[in-house]
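Data first, discussion second: the structure below is written as structure tokens.
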Amino acid sequence: AQSVAQPEDQVNVAEGNPLTVKCTYSVSGNPYLFWYVQYPNRGLQFLLKYITGDNLVKGSYGFEAEFNKSQTSFHLKKPSALVSDSALYFCAVRPTGGFKTIFGAGTRLFVKA
Amino acid sequence: EAQVTQNPRYLITVTGKKLTVTCSQNMNHEYMSWYRQDPGLGLRQIYYSMNVEVTDKGDVPEGYKVSRKEKRNFPLILESPSPNQTSLYFCASQRTGGDTDTQYFGPGTRLTVL
Numbered sequence: 300a301q302s303v304a305q306p307e308d309q310v311n312v313a314e315g316n317p318l319t320v321k322c323t324y325s326v327s328g329n330p331y332l333f334w335y336v337q338y339p340n341r342g343l344q345f346l347l348k349y350i351t352g353d354n355l356v357k358g359s360y361g362f363e364a365e366f367n368k369s370q371t372s373f374h375l376k377k378p379s380a381l382v383s384d385s386a387l388y389f390c391a392v393r394p395t396g397g398f399k400t401i402f403g404a405g406t407r408l409f410v411k412a
Numbered sequence: 249e250a251q252v253t254q255n256p257r258y259l260i261t262v263t264g265k266k267l268t269v270t271c272s273q274n275m276n277h278e279y280m281s282w283y284r285q286d287p288g289l290g291l292r293q294i295y296y297s298m299n300v301e302v303t304d305k306g307d308v309p310e311g312y313k314v315s316r317k318e319k320r321n322f323p324l325i326l327e328s329p330s331p332n333q334t335s336l337y338f339c340a341s342q343r344t345g346g347d348t349d350t351q352y353f354g355p356g357t358r359l360t361v362l
């Protein structure tokens with residue numbers, strides 16, 4: 300079955316430190332990969348996506364993600380965390396040729412001042 | 249402003265009382281979808297629509313209905329809500345011109361069924 304795993308329910312980092320939110324997937328072929336962020340009482344907002352090409356993808360708010368095909372991973376990173384980055388982050392995968400998107404369970408990021 | 253709107257944002261109801269959650273988008277998107285978000289489970293797709301009058305079941309369709317009579321609107325109907333449908337619901341839309349496009353999400357509807 301196709302699935303997306305976010306192994307950490309919560310990630311805690313200090314402001315100014317680098318952060319990583321992990322995502323691995325089990326989807327056949329070469330799927331498209333997405334990261335979304337959800338702030339309290341808001342809908343999901345698009346951060347970045349990987350379609351093809353360079354394995355390092357840059358997105359909104361200084362976030363980037365590294366695609367690793369051999370490990371089927373798409374980890375979200377940021378060099379220097381801000382308190383305002385505290386939110387719920389979702390990794391999502393879309394098999395090619397369709398529109399269905401499979402979401403991970405979400406990882407709550409807490410950045411401490 | 250490009251957006252997806254949902255109403256109501258919050259709803260408390262009782263078991264068995266029919267309700268409708270509306271969803272509207274102003275981006276002329278063909279594809280629309282409903283998700284429910286539950287802790288530890290992420291977003292699960294309830295129903296989706298590829299265009300007007302074209303709808304299909306997602307992963308968790310039981311207890312829900314949808315309709316797509318106009319391109320911009322995609323209401324979610326719970327004909328006889330039950331407590332296990334207490335959840336946070338999101339509507340989303342997307343162009344079908346390219347399968348690489350992102351989805352745009354509404355602000356969510358928090359539903360409590362007593």
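Same order as they appear, the protein sequences are chains A and B.
Those letters in the first sequence? Residues 300 to 412, by our numbering.
Those letters in the second sequence? Residues 249 to 362, by our numbering.
For every residue, glycine included, the Cβ atom is placed at its ideal position computed from N, Cα and C.
Exposed or buried, what is A:Arg-393 when buried is set at 16 or more other beta-carbons lying within 10 Å of its beta-carbon? buried
Looking only at its own chain, which residues have a Cβ that is under 6 Å from the Cβ of B:Thr-360, when we skip the five neighbours before and after it? Closer than 6 Å at Cβ, skipping near neighbours: Ile-260 and Thr-334.
For B:Gln-254, the three-state DSSP class (helix, strand or coil): strand
Within chain B, the residues that A:Gly-342 reaches when beta carbons sit closer than 9 Å: Val-252, Gln-254, Phe-338, Cys-339, Ala-340, Tyr-352, Phe-353, Gly-354, Pro-355 and Gly-356
Could you give the C-beta distance for A:Leu-408 and A:Val-303, rounded to a whole number, given that I count them as a contact under 8 Å? Between A:Val-303 and A:Leu-408 the Cβ distance is about 17 Å, and since that is not below 8 Å, they are no contact.
Counted within 10 angstroms of its Cβ, other Cβ atoms place A:Lys-368 as buried (16 or more) or exposed: exposed
Report yes if the C-beta distance between A:Val-410 and A:Val-382 is below 8 Å; otherwise report no. yes
Strictly below 9 Å CB to CB, what residues from chain A border B:Gln-293? Lys-399, Thr-400, Ile-401 and Phe-402
Which value, in whole angstroms, describes the spacing of the CA atoms of A:Gln-344 and A:Thr-323? 20 Å
Specify, as a first and last residue, the run of the beta strand (DSSP E) that B:Gln-342 falls within. 335–342
State yes or no: is the beta carbon of A:Phe-333 nearer than 8 Å to at least one beta carbon in chain B? yes
Candidates A:Cys-390, A:Thr-371 and A:Pro-317, of which the one nearest A:Gly-328 by Cα: A:Thr-371
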